Amino acid sequence: MRNERDLLEQALEVLEAQRPVLGPEATEAAMAALRARITALASHVPLERRHVTVLFGDLCGFTALSEGMDPEDVGELMNRLWERVDTAIFRHGGRIDKHIGDAVMALWGTDGASEDDAERAIHAALDIHSRLAAFPGGPPGGMHMRIGIHTGPVLLGVVGTLGELTVMGDTVNTASRLEQAAPPDGILVSHVTYRHVSEAFEMEPQAPLRLKGKQEPLQVYRVTAARPRAFQRRRGLEGVWARLVGREEETRMLRASLQEVLAGAGTRAVTLTGEAGIGKSRLLGEFETWLESLVAPPLCLRGRASPEMRRHPNALLRDLFSFHLQVQESDSASVIRARLEESFQEALGPGEGSQIRAHLAGSLIGFDFSASPHLKGTPMDEQSLRARGLTSLTDYFRALLRREPMVLFLEDIHWADDSALDLLERLLRPLTTERLLVVCTARPEFFERRPHWSQASAHLRLELSPLTPADSHRLLSELLRKVERIPPELEELVVTRAEGNPFYLEELIQMLLEEGVILVSGERWRVEARRLTTLKVPPTLSGVLQSRLDSLPPREREVLQRASVVGRLFWDESLLSMDAEGATSTALHDILAALQERELIFEQSNSSFSGAREYIFKHAIVREVAYDTVLKRERRAFHGCIAEWLLARGGERSREHLGLLADHLEAAGQGERAATSLRRAAEEALGLFAHTEARAFLERALALCAEDNHTERYAIVAARERVHSILGNRREQRLDLDGMESLAERLGDERRQTEAALRRSLYALEVGEIEAGEEAVNKAIRLAQELGDVPSEAIAHLRWGRMLRHHQGDFASARVHFERSLTLAESARLVQVEVESLLNLSATMNESGELSTGLAHIQRVIPFCQSLGDRWLEISALRYLAYAHKSLGEFARARADFEQTLQFSRVIGYRFWETMDCCNLARLHHHLGDPEGALEWTEQGLRLAEEIGSPRYQGYVWMSRGLALISLERLPEAREAFQQSRRIRVETRMPLLELESMTGLAAVELASGQLHLALEYVEQLLPTLEGNTLQGVEEPFWMWLTCFRILRAHGDRRALLILEQAHQQLQAQVGKIQEEAFQRSFLGIPTHRSIREEWRRLLGRNGTDGQERPLQ
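Take the sequence shown: its letter number 1036 is residue 1036 in UniProt numbering, and every next letter is one higher.
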């Protein structure tokens, strides 16, 4: 069809040239028949997406002129005008879509993309103006034509009952609006069109236009004249094999980096960056080939990211291990477990420990280890998975590196998900002294997303620049080394157009081979130089590829389009699943072989799915251009086929493909199924601590889920609430809690109502909403008892006890709830809740003054946690141990404990724990006599406490800040800190802690010499202090000591009563500490030491046995 169309259009040109000889009537009659045949040919075009250039022209002034004319005269004038306009359009290869009154619409590219469609459209526009200007006697009535031109995608096909071939889409609308904005005799083009033709025409930028339907102003240009023909310099693609040229310096630096690693300089990293097609992968391949030639080559591991991986947590690392272990997508979870266990035991030695580490690491990077006996436990076990898995991965890589040096290749990391990149950075930190070289490739936009990447001193960033003209000529000579003599015009054409991009240069050579400009005959090639004068070389990357795809036989193009729907990687089986005609495997492989010969795709040596052959597009851009040509309705059907194929092929490992499956289901228009897959993908991401990706999955899932599907919407909102809880997004978390409660009520589901109440209680605990928390736990207990739900009832009692302990200091009541929680947990074998209950009981004993008993409980719990192999529980116990050490005055031990728990909190991304640890470290540095260090920790703690919305810790950290500032004699700042602490504690109804903040204000006034103000505060404190043990207050003895000093400064005898009370409480607590070493450390706390010294001073003697008489 296309050849006949070309012949018909050539015939039109011949007739037009013969118009003076044949006369206008005979010429028009003959041309009308040819145009009718062209239209008939066009009617056979199937509905498809095309990249075209659209021209709209309008004869302005025609309406006013025609009003005073006879209709026959108007018709004759229009025919003469359209004859000139149409001739200009046809002459420059356009097709007239329609005439609408005094307007015309023409198209370029409907029969196949051509590299100069936009250029020919503008030449036609200039020709139209020239022909109208040459109208006999000039344009009638001052009539002029304004023209608008735009380039972009359209839907092309036959529509309507008359079988009219036309185009539809935003590109058409934009061209029309450009025409309306053009001045008389003006030609306006869009920026898209300008980029295609900027070197071929003189153009003037105009003020941006605001067009209807466009959010942003459109940059436009007015065409004034054509320039002399010039080669246009555009970017492009890759192609035929040749020796590497122009990368000598980069090669030297890569090799030097490896030599540094081998010499013991520690880990080095190199990131190769550059635009698509600049040669990053080629340089990587050459370096790997050189490594293989070494006498003792290092171990090489390779991972590659793809566009599909961006939203799938840790996919890059999973790809790395799949390559290393030769794992296929079709392998069962048991096969992967066996291979990972074998690899870990080979590296770390035999035994159950290596097996456990293999399971932890495999689960972290996203393999399905849900059936692992080592990972089973309550949902809270997931909190420790990241840290435990990271430690296991680190140990594994360290063991490999101690056997032999390693080079880690990570390609296309601009497509890697953030979770994988974060995990990679954490993995490499402990390996800085090992013999490891990491080599990455990335496009420049990657550094917009990760600006700090490659800034470390041991990380080298190599930017690949375009080849110099000399190197481009060298590459061309390499590619055409079988040509005896390369014509200078071909060399100039290719080198100029490629603009130093080796991918584009090689692709152009491939195109010349396919077009027959370069003829292959055995070992000798020759160039048909005469064909270069008529050859149209595409000026853009998409133009080159579109032209190549257009030239493919229909069946090959169809297979390539379907492959593009799968992704850059695809499988023969996946293509067969999309073929409704039931094509045979043999026929498909013949087509795939032909596409390989054209170097559009390559077959991989190994396949991810056993029994299926795996292929890859030569470049991601090839796949993108092919995908853009697939009709949207066909895309939906094809994506649906791929989703079903993935479900059938995934087997027991389908969990690993949930994100990809959801992408295909969503693209297939199957929103409900996609929503479920996205929610499940989010749950998997949460298990990998990929919180950002999990939230993105859930947002997409909620948008796709039907409003009336309350069950699925509840599951999605519940999962998102959990993400917000971990990230400390309190406002969003509260909204999701409201949503959970509402959906649970609509469903009439008491189990979901119980879950929502428990979630609300945890939120209330963390933000200090005591009344709401008590209401929530009461509701949860009532519902749980009605349902016989022992686990939920146990958790509710645990939460209630924590609220009483943390926010009200009611240790006796808290103890009752912890004991009830423990009893329920033991009866239902809820290990997590059992341990949490024991730890809280221990802490309650500690805070009640039973320091030795509380410490002994905690020390018994820690080995139990370790025996469970649960790092999360072990760290939780360690935090309680740190509290015990702090209470006993073992500040150095407590600091070491909290530093360890803080590291874990940061690894797993649990910001609530991170806040707790920073706040405690601030107070410890104060006790250790390091107020400057304490201030630094308060800054971190305050920022985190505000971010997670925790008033409790905001009040605590302001208190610590005030204490540090008093030590530094920065009294105005200390006063402000204590005021902030008091305000927060008043608002959150923490009366005892409010008194602690008030004591800080009194201390500031004492230090400032404002004794009367200090006494006013003490008068407010005394009613509570007298006869109160101050349980629940962080610094009770400091409060007593501060009040004593203020009263003594006023000569107030009540000072003796306060001191006596403080001393009695101190002696009572010392009596409960059994170990002498702990007694000494407890009494050595500066506040405690000061109380004893003041007491001895009052007695008039220096007793140190702790048995002083009370004041008489």
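Think of the CB as a built atom: it goes at the ideal place given N, C-alpha and C, for glycine as much as any other residue.
The structure displayed is predicted, hence computed values, not measured ones.
Closest by C-alpha distance to G889, out of G274, L902 and L855, is L855.
Between P153 and D628, the gap from beta carbon to beta carbon is short of 8 Å. Around N846, the same chain offers G854, A884 and S887 as residues with beta carbons nearer than 6 Å, after the five sequence neighbours per side are excluded. A distance of 8 Å or more separates the beta carbons of L928 and F904. When C-beta atoms of the region 732–746 are compared with those of the region 754–761, three or more pairs fall below 8 Å, so the two segments count as touching. A distance of 8 Å or more separates the beta carbons of L340 and A315. Comparing alpha-carbon positions, the option among R318, R310 and P313 lying closest to R302 turns out to be R318.
CA-CA distance, G1084 to Y880, rounds to 21 Å. Taken through DSSP and simplified to helix, strand or coil, G929 comes out as coil. Assignment of beta-bridge partners to W108 by DSSP yields T53. CA-CA distance, R613 to R268, rounds to 36 Å.
Separation of L737 and D418 (C-alpha to C-alpha, rounded to the nearest whole angstrom) is 27 Å. Runs of the alpha helix (DSSP H) lying entirely within the region 159–227 and spanning at least 4 residues, in chain order: 170–181 and 191–197. With fewer than three CB-CB distances shorter than 8 Å, the region 674–690 does not count as touching the region 347–362. Looking only at G148, L1059 and S1081, the smallest Cα-Cα distance to R1096 is reached by L1059. The shortest CA-to-CA distance from L462 to any of M253, H150 and G75 is the one to M253. Assignment of W525 by DSSP, reduced to helix, strand and coil, places it in the strand class. Between the region 1030–1039 and the region 804–822 there are three or more C-beta pairs closer than 8 Å, enough to call the two in contact. Under the DSSP definition of a beta bridge, C440 partners with T271 and L410.
In this structure, A828 is the residue among A828, V197 and A456 with its C-alpha nearest to the C-alpha of V790. Going by DSSP, D736 is part of no beta strand (DSSP E) but of the alpha helix (DSSP H) stretching over R730 to L747. Residue burial is scored here from C-beta neighbours: K632 has fewer than 16 other C-beta atoms within 10 angstroms and is therefore classed as exposed. By DSSP's assignment, K98 forms a beta bridge with M105. The criterion of a C-beta distance shorter than 8 Å is not satisfied by A772 and A784.
Going by C-alpha positions, E946 is about 7 Å away from Q954. In the three-state DSSP reduction, P553 falls in the coil class, being neither helix nor strand. Following the DSSP letters along the chain, one finds R304 inside the beta strand (DSSP E) bounded by residues L299 to R304. Residues of the same chain with a CB within less than 7 Å of the CB of L968, apart from the 5 flanking positions on each side, are P931 in chain order.
DSSP links C60 through a beta bridge to H144.
With contacts defined as CB atoms closer than 8 Å, A106 and I122 fail to qualify as a contacting pair.
Bounds of the alpha helix (DSSP H) holding F818 are F811 to A828. Of all C-beta pairs linking the region 567–578 to the region 641–651, three or more are shorter than 8 Å, placing the two stretches in contact. With contacts defined as CB atoms closer than 8 Å, L475 and V245 qualify as a contacting pair. Annotation for W1038: T1087 place their beta carbon closer than 6 Å to its own, counting only its chain and skipping 5 residues before and after. Here S472 is near G500, since their CB atoms are less than 8 Å apart.
Of the residues assessed, F503 falls on the buried side of the cut-off, its CB having 16 or more other CB atoms within 10 angstroms.
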